[in-house]
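Inspection log for the structure reproduced underneath, given as structure tokens.
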Amino acid sequence: MNRRKSFLVAAGILLGAVAVAVVMVRLRPEPPLREPPSRVPFVTTAPAVAGEGAIPVYGAGTVRPRAEIDVSAQISGKVAWVSPSFQGGGRVAAGQALFRIDDADYRNRVQQARANVAAQEVALLRAEEDARIARAEYELFRKRDPEAAPGEANPLALREPQLAAAGAALVRDSAALADAELALARTEVAAPFNGIVRNESVAVGQFVAAGQGVGRFYATDAVEVVVPVSDADAALIPDLWRLSAGDGDRRVRATVSAEYGERSHDREGYVDRAEAALDEQTRTIDVIVRVPRPFSGAGPPLLVGQFVEVRIEGAAPERYFTVPRAALRTGNEVWALRAGNLVAIVPVEVLQRSDDAVYVTGALEPGQAVVVSGIRIATEGMIVRTGDGGG
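Residue numbering for the sequence shown follows our numbering, starting at -12 and increasing by one per position.
In structure tokens, the structure reads:
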């Protein structure tokens, strides 16, 4: 009896469990229906911006002086005076005296040369008078005895060679006086143009020889930046090969940017000329950008030796576009989107590349979406999805 009762209890528990399971299965919520993921690839796009104005040509280079010279004396002697401005970093104006050489010996030479000239002037007057008297005596002799007088008088008798020698001696001593005065003037060495002293090595009491370099300074009216560019970039610079060096033709403008105090400062310049040969190592063309008055204005100066970035205003085509650099594909192609998010493979001509953008010409439309990322391979007419919900 007990075994039967136990069997019935176990069977009841089992049936109850089955019933509960059936009820829970019937009462469970239906799972949400989800659409299968789309197999149309998703892409990121950016608009093709219609360009206006000049296409920039970017480059970089190092600032160098427009003109830089060694300072030296043209005569020898002991230094008697040195300008306080003639030291490293000092600014000097055109015509300002840099240093002077003791001029005592040169002043004495001038006095001697002047005395010689005065003596030769007297000798020339005497020779002129003697020649006049000789000519008068000869004419008188011919009148008195025409038959005895020869047809042509001896030049020595007329004192013509003596007169010529006296004139030549005066010219010689006058030239010696001019040389002495020139040497005296050269005892003062002056700056030929406005500039900044780079270095100097002269002091009072020092003996300097003619031609001995005692310093170096450079012009401050302008500096230059040598910008190496490719031949493709050089072709974008208008009239590059028609520019004449140093003529001040500022038709091609340029902006020079220099870092100073963790800030970038811009100065306006222009393309002055281009070197007429390719660099043998880099195969680039050196374009010379000139910046006038680099030490004027409120901002910091352009220092010689400073590395700068340069932006040159290039050509201005009638129709071109700016697209992100990532939109340019191998083979100079851009994947543009037509209506219905269909891919169109558009061949383009690259005019210029910058860090983030590419300037191109081709069959694009202003504002047309171009593929930046999302796919590596595209075919003509391929359907894609974009972030605007299309596709």
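Here a beta-carbon is modelled for each residue, glycine too, at the ideal position from N, C-alpha and C. Every value quoted in this text rests on a predicted model; they were computed, and no experiment measured them.
Check: CA-to-CA distance, A365 to V5, given in whole angstroms; Outcome: 58 Å
Check: Local Cβ density within 10 Å of G376, reported as buried at 16 or more and exposed below that; Outcome: Any reading at G376 needs caution, since the residue's pLDDT is 46, under 50, leaving its predicted position unreliable; the model's value is listed next. Flag for G376 reads exposed.
Check: Rounded C-alpha distance that separates R203 from I56; Outcome: 6 Å
Check: Of the residues Q293, L1, N141 and E108, the one placed nearest R122, counting alpha carbons only; Outcome: N141
Check: Neighbourhood of A100 by C-beta, 6 Å cutoff - its chain only, sequence neighbours within 5 removed; Outcome: A163, L164 and A167
Check: Cα-Cα separation between V345 and A222, rounded to whole angstroms; Outcome: 16 Å
Check: C-beta contact flag for R78 and I183 at 8 Å; Outcome: yes
Check: Which of helix, strand or coil DSSP assigns to S231; Outcome: coil
Check: CA-to-CA distance, D226 to D92, given in whole angstroms; Outcome: 57 Å
Check: For P19 and G378, the rounded distance between their alpha carbons; Outcome: Note on G378: pLDDT 42, under 50, position unreliable in the model; no value is reported.
Check: For I305, the residue or residues it bridges with in DSSP; Outcome: Note on identity: in this sequence residue 305 is Glu, with Ile being the wrong assignment. DSSP lists no partner for E305.
Check: The segment 275 to 284 / the segment 34 to 41 touching (three or more Cβ pairs under 8 Å); Outcome: no
Check: Beta carbon of R87 nearer than 8 Å to that of D208; Outcome: no
Check: Cβ neighbours of R94 in the same chain (closer than 7 Å, five flanking residues each side left out); Outcome: L171
Check: Spatial distance of V158 from F194 (CA atoms); Outcome: 33 Å
Check: Inter-residue Cα distance where the pair is P71 and P287; Outcome: 24 Å
Check: Distance CB(V27)-CB(I370) smaller than 8 Å; Outcome: yes
Check: Three-state secondary structure assigned by DSSP to L164; Outcome: helix
Check: Short CB-CB distance (under 8 Å) between Y346 and chain D; Outcome: The displayed structure is made up of one protein chain only, and chain D is not part of it.
Check: Cβ contact check for the segment 293 to 310 and the segment 345 to 358: 3 or more pairs under 8 Å; Outcome: yes
Check: Where Q268 falls, given that 16 or more other Cβ within 10 Å makes a residue buried; Outcome: exposed
Check: Cut-off 6 Å between Cβ atoms - residues of its own chain near S251, not counting five sequence neighbours on either side; Outcome: S244
Check: Cross-strand partners of F194 (DSSP beta bridge); Outcome: K65
Check: Those residues which DSSP pairs with Y346 across a bridge; Outcome: T309 and Q339
Check: Three-state class that DSSP yields for L85 in the structure shown; Outcome: strand
Check: Option in A153, V109, D117 and A156 with minimal Cα separation from A144; Outcome: D117
Check: Between the CA atoms of G76 and Q293 - distance to the nearest angstrom; Outcome: 16 Å
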